[in-house]
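Sequence positions in the sequence shown follow numbering that gives the first Met the number 0 and run 0 to 138.
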Amino acid sequence: MRRFQAIGTNLGFRCDVCGAQVPPLATGSYRNHCPRCLHSRHVDVFPGDRANPCEGLLEPVAGEHSGKKGWTIVHRCQRCGEERRNRAALDDPVMPDDYELLVQLASRAAPSDAPDERRAGDRARRRGRRSGGTKGGGR
Ligand SMILES: [Zn+2]
Ligand SMILES: [Zn+2]
Numbered sequence: 000m001r002r003f004q005a006i007g008t009n010l011g012f013r014c015d016v017c018g019a020q021v022p023p024l025a026t027g028s029y030r031n032h033c034p035r036c037l038h039s040r041h042v043d044v045f046p047g048d049r050a051n052p053c054e055g056l057l058e059p060v061a062g063e064h065s066g067k068k069g070w071t072i073v074h075r076c077q078r079c080g081e082e083r084r085n086r087a088a089l090d091d092p093v094m095p096d097d098y099e100l101l102v103q104l105a106s107r108a109a110p111s112d113a114p115d116e117r118r119a120g121d122r123a124r125r126r127g128r129r130s131g132g133t134k135g136g137g138r
């Protein structure tokens, strides 16, 4: 009388975003994001439990690297706005996470590297129109 497959089974899935057929991790740990585009779905409360009714698209917004833990992907849900961190699977022999994409994310997150246009515009507006003419360079 099982209505669902055993919870937490380590199955592959098909990515809704880029269409990649994603195999399960060779290590047997649960894979919760697409290695090709790094997107995920907000379906888990805890990894693999599928207990979250949100089902929003988890967009990779940043990459973080720490010496101990290695690479982490920061996902933000486009529906409910929750942010969560997921360990990147760069060492998977079958289909590892896209390292270059991860590095891109990490550099995009650095504020000095990519100015957030929206925020810069906000600040300029608040400061008055005098600076409006100059292109918001600098930082
Ligand atoms: Zn994908
Ligand atoms: Zn969500």
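We put the CB at the ideal spot given by N, CA and C, even for glycine.
- Taking 8 Å as the cut-off, the C-beta of V16 counts as close to a heavy atom of ligand 1.
- Relative to the Cα of A61, the nearest Cα in the group G11, C14, R13 and R107 belongs to R107.
- Around the Cβ of S65, a 10 Å sphere holds fewer than 16 other Cβ atoms; the residue is exposed.
- By the neighbour-count criterion, in which a residue is buried when 16 or more other Cβ atoms sit within 10 angstroms of its Cβ, P92 is exposed.
- Ligand 1 has a heavy atom closer than 8 Å to the beta-carbon of A19.
- DSSP places L56 in the uninterrupted beta strand (DSSP E) bounded by L56 to S65.
- With a threshold of 8 Å, the Cβ atom of N51 counts as near ligand 2, since some heavy atom of the ligand is closer than that.
- Per DSSP, C17 is not a residue of any beta strand (DSSP E), being assigned neither H nor E.
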